[in-house]
């Protein structure tokens, strides 16, 4: 809890809700007749509405990217290190919009919401949404906020996939795209990890085919296990080794299945903490969105052909020890953009933190993002003149 | 702009696709993009230079050239440029092949190790040359494959690489008749424009 807010914090923020009553037809064929999106904004939208930056969140992220909800919050938003006055995503220059995606569990319509047609909790009946659906709904939120064109759209991991989709689907609605620790599609290994995560949830006896809330229960064991697995893949071997090594709870082996190594305790804690803030159906749905994303499929796998539509300037960032979304995966996007003759810069950041590195304020990484957005801000001022 | 860059600028056609290997802070590309509508990318590994390029809006990719250029397709650039860097790579000969695979033409500049001052330094003092132009000691120099003007010509001949034009200039990047007559002795910087 901060006694006083840090000077470079966006301060106390209040989430807002946008209600949409125009039906949204999803990739799966189902239609949501109405839905709501919860979002936060930081900074001021200028008169031309040209200085907006959209933040796209990853698997377990939400709309609360920066600042505090109350002065008693233990932690600020999930990307507070990058968003704020004078930070890489500078709220003195930009109007930052961050939303919880459709299907989420933090205030936007999702599996924990009430289905207006049945007055029951959606649960397992909530349709599977895709990256394309998210981008479509984000564009509607932009319309609502009076933003025709974003100065930039920024996202890491699954968030980066949304940025990539924006550049293809709405090429004239963004000037710049920052795609961080992402990939043009999941690898087989990634899909495999996601399937293990889903199965661990589905096989929890408390899952009840996804309608656990009706039974007033939650598949905490399955969801916790899914998170433990995910967590291992977000860290590098080196980072885990440096943090825990073979540190033990006791002086000698206990020869039982209780917690002996500190890493076991850490993983159990991470798994359990996650079940208190996240919904199992949302987790499964987010992993499916990851699995399905493959924009090159519409051009027989030719990513460059698909990206030929893009008009924005791109920044791609990867991290050396990230093996979930390895640098080679970002480079697939870079190579396709070069082939398509697009304006792209790419930097591979030396970092020990694995995939999680995209959430850390690593100086080289923050400098690159800041340089990229400084250029975006400069172009805004020259265009006004 | 550095004067060797100014010289090769004259050789570069407008509206072409240019790849600059080891682009530094992007001086050449910035000039070409701004004045010749060139469509360019730079490769660089120095974080500071990368940031400078990103902030200037020059497309720059972090890529270690010693680890290969296989991500670039055959003949996908009109021109591949490498200024004052060839001597820093593990295998300049293989790199030259790669540059001519990716680009239809290449422009390469490098310090001529056959310059008379180097000869005197080595011949009379018996020590590796250190100068303002080449300020490193033998043990900390990034320049691991020095060559002379003639060495490079010879490599081109062996590889059947066409020399479209060349220039040989002094420290101030001026060309004089005596440099033109005996480039291997009098030029400090050699500039070659080559193709297959």
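Chains as they are written, first to last, in our numbering: chain C, 2 to 386; chain E, 0 to 195.
Where is the CB? At the ideal position from N, CA and C, for every residue including glycine.
Any idea what DSSP makes of residue i, helix, strand or coil?
i: residue 186(C); result: coil
i: residue 475(C); result: Absent from the model: residue 475(C). The displayed extent of chain C is 2 to 386, so no value can be given.
i: residue 208(C); result: helix
i: residue 66(E); result: helix
i: residue 218(C); result: coil
i: residue 16(E); result: strand
i: residue 241(C); result: helix
i: residue 15(C); result: coil
i: residue 7(E); result: helix
i: residue 267(C); result: helix
i: residue 348(C); result: strand
i: residue 61(E); result: strand
i: residue 200(C); result: helix
i: residue 319(C); result: strand
i: residue 159(E); result: coil
i: residue 175(C); result: strand
i: residue 129(C); result: coil
i: residue 36(C); result: strand
i: residue 260(C); result: coil
i: residue 299(C); result: helix
i: residue 213(C); result: coil
i: residue 86(E); result: helix
i: residue 85(C); result: strand
i: residue 121(C); result: strand
May I have the straight-line CA-CA distance separating residue i from residue j, to the nearest angstrom?
i: residue 56(C); j: residue 160(C); result: 8 Å
i: residue 351(C); j: residue 61(E); result: 12 Å
i: residue 87(C); j: residue 44(C); result: 11 Å
i: residue 232(C); j: residue 196(C); result: 15 Å
i: residue 95(C); j: residue 41(C); result: 14 Å
i: residue 77(E); j: residue 177(E); result: 33 Å
i: residue 17(C); j: residue 223(C); result: 32 Å
i: residue 153(E); j: residue 18(E); result: 25 Å
i: residue 298(C); j: residue 189(E); result: 48 Å
i: residue 56(E); j: residue 380(C); result: 10 Å
i: residue 13(E); j: residue 185(E); result: 32 Å
i: residue 118(C); j: residue 214(C); result: 18 Å
i: residue 219(C); j: residue 241(C); result: 29 Å
i: residue 268(C); j: residue 59(C); result: 20 Å
i: residue 384(C); j: residue 308(C); result: 25 Å
i: residue 347(C); j: residue 59(E); result: 6 Å
i: residue 289(C); j: residue 303(C); result: 22 Å
i: residue 382(C); j: residue 372(C); result: 16 Å
i: residue 103(C); j: residue 229(C); result: 24 Å
i: residue 39(E); j: residue 25(E); result: 10 Å
i: residue 146(E); j: residue 69(E); result: 26 Å
Which residues share a DSSP beta bridge with residue i?
i: residue 43(C); result: 97(C)
i: residue 153(C); result: 54(C)
i: residue 81(E); result: 107(E)
i: residue 181(E); result: BP columns for residue 181(E) are empty, so no partner.
i: residue 193(E); result: 105(E) and 162(E)
i: residue 293(C); result: Per DSSP, none; premise fails for residue 293(C).
i: residue 314(C); result: 177(C)
i: residue 26(C); result: 32(C)
i: residue 21(C); result: 36(C)
i: residue 307(C); result: Residue 307(C) is not bridged to any residue.
i: residue 50(E); result: None; residue 50(E) has no bridge partner.
i: residue 146(E); result: 111(E)
i: residue 76(E); result: 102(E)
i: residue 90(C); result: 84(C)
Quick one: using the 10 Å Cβ neighbour count with 16 as the cut-off for buried, is residue i buried or exposed?
i: residue 4(C); result: exposed
i: residue 110(E); result: buried
i: residue 336(C); result: buried
i: residue 138(E); result: exposed
i: residue 143(E); result: exposed
i: residue 114(E); result: buried
i: residue 135(E); result: exposed
i: residue 126(E); result: exposed
i: residue 254(C); result: exposed
i: residue 246(C); result: exposed
i: residue 37(E); result: buried
i: residue 356(C); result: buried
i: residue 108(E); result: buried
i: residue 20(C); result: exposed
Could you tell me if the beta carbon of residue i falls within a distance shorter than 7 Å of some heavy atom in the ligand SAM?
i: residue 188(C); result: No copy of the ligand SAM occurs in the structure displayed, which carries no ligand at all.
How about residue i: is its C-beta nearer than 8 Å to some C-beta of chain A?
i: residue 30(E); result: Looking for chain A here will not work: the only protein chains present are C and E.
For the segment 95-144 of chain E, list the beta strand (DSSP E) runs that are entirely contained and at least 3 residues long, ordered along the chain. 102-110
What beta strand (DSSP E) runs, 3 residues minimum, are completely inside the segment 24-48 of chain E? 38-43
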